[in-house]
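So the sequence shown is numbered by the UniProt record's numbering: it starts at 1 and just counts up by one. Note that CB positions come from ideal geometry on N, CA and C, so glycine has one too. Remember, it's a predicted structure, so these values are computed and weren't measured experimentally. See structure below.
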Amino acid sequence: WNTAQNAVNYELKVLLGNGQAAITTVGVQEAMVTLDRGKTYTWTVTSKNESGSTVSDTYSFTTPGLSEGNYAPYAAEISTEFEPVAQLLTVNWTATDEDGDSLTYDVIITENETVILEEIDFVNTSISGIGFINDTNYTIKVVSKDGSGNFSVSEVSVNSQE
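Below, the structure written as structure tokens:
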């Protein structure tokens, strides 16, 4: 980090999730802390002097290497295609998992807040042939799940054309 004007010392706080991973007070603009591999951390620096203290913005980083646990799947990227002549909706999504785990999906499609399709533990990444009404709002929710119980949630809202 950069030097803060009139700073006497700095407090580096490193967090893992909501828990504290490291905290140290130093008189220079660097500090050494021991961290686990394959984890995402956030950190802030507080500069202090006799008049008070100032806290930096919060930054994040991921340490290289393999974690000792199992990663949650990345949030799915959802795309939609409305076929106006047949009035059919197709929903596609892509999702990956850092560990390469096989994924299943819970897919919920609502039309103006009414569930019109629900698939649980679905293994495909596309659903087609969904009838739609012109100028109507649709919400598509995809929950990507791995075999270790980890999951991520993606949701998009789209409006069909007139």
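Collapsing the DSSP output to three states places Leu35 in coil. The beta carbons of Thr63 and Asp36 sit closer together than 8 Å. Using a Cβ-Cβ distance cut-off of 8 Å, the segment 108-126 and the segment 139-158 are in contact, since at least three pairs of beta carbons, one from each stretch, lie closer than that value.
Distance from the CA atom of Thr114 to the CA atom of Ser102, rounded to whole angstroms, is 30 Å. Scanning the segment 112-138 from its first residue to its last, the whole beta strand (DSSP E) runs of 3-plus residues come out as 114-122, 126-131. DSSP places Gln87 outside both helix and strand once states are collapsed to three, so it counts as coil. Asp57 sits in coil when the DSSP states are folded into three classes, being neither helix nor strand. For Ser126, the CB contacts under 6 Å within the same chain, skipping 5 residues up- and downstream, are Asn92 in chain order.
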